[in-house]
Amino acid sequence: MLLLTRCYDRFSFPSGIGAKLASRLPDRVRVTATPLHNLGVIAIALQMCLVYVVSGLYKVQGQMWQDGTALFYVLRVPEFSFPALSHLVYENDFLV
């Protein structure tokens, strides 16, 4: 998917070569380059979302997440807690 994007435009070492090559391309190729780039960026974003969804669904299959124990432990960690609401969640038996 990264092949569809123009990731080489801004961060390549010889940046002047890209402009010279682009001027030699036919108009038909230049017109389709932007939609292909946009499609590649969208595909990368969708792939990242899919990875997060699949990993979350895999994690939810565990017994600690199904009975609420993992949520209790995660809300007790200072880095992941929200001081105003975390204690309300893990003290409520219905939510955990």
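With the first letter of the sequence shown counted as 1, position 75 gets the number 75 in this note's numbering; the numbers rise by one all the way through. Even glycine gets a Cβ: it sits at the ideal position worked out from N, Cα and C. Only a predicted model underlies this, so the values are computations on that prediction, with no experimental measurement involved.
Exposure label - L46; buried when at least 16 CB within 10 Å: Exposed, since its Cβ has fewer than 16 Cβ neighbours within 10 Å.
Neighbourhood of V89 by C-beta distance below 8 Å, restricted to the same chain and skipping five residues each side: The residues are L71, L75, L95, V96.
Cβ shell of S86 (< 7 Å), same chain only, five flanking positions each side left out: Only L75 meet the Cβ criterion.
Length of the line joining the Cα atoms of M56 and T69: The question names Met, yet the displayed sequence has Gly at residue 56. In a straight line, the C-alpha of G56 is about 16 Å away from that of T69.
Rounded straight-line distance, which links the Cα of V29 to that of D67: A direct Cα-Cα distance of roughly 56 Å separates D67 from V29.
Secondary structure of F72, DSSP reduced to three states: Helix.
CA nearest to the CA of L36, picked from V77, N92, T5: Measuring from the Cα of L36, the nearest candidate turns out to be T5.
Range covered by the alpha helix (DSSP H) that runs through Q63: Taken as a continuous stretch (DSSP letters only), the alpha helix (DSSP H) holding Q63 covers 63 to 66.
Proximity test, A33 beta-carbon vs the ligand SAM heavy atom, cut-off 8 Å: What this structure holds is no ligand at all, so the ligand SAM is not there to describe.
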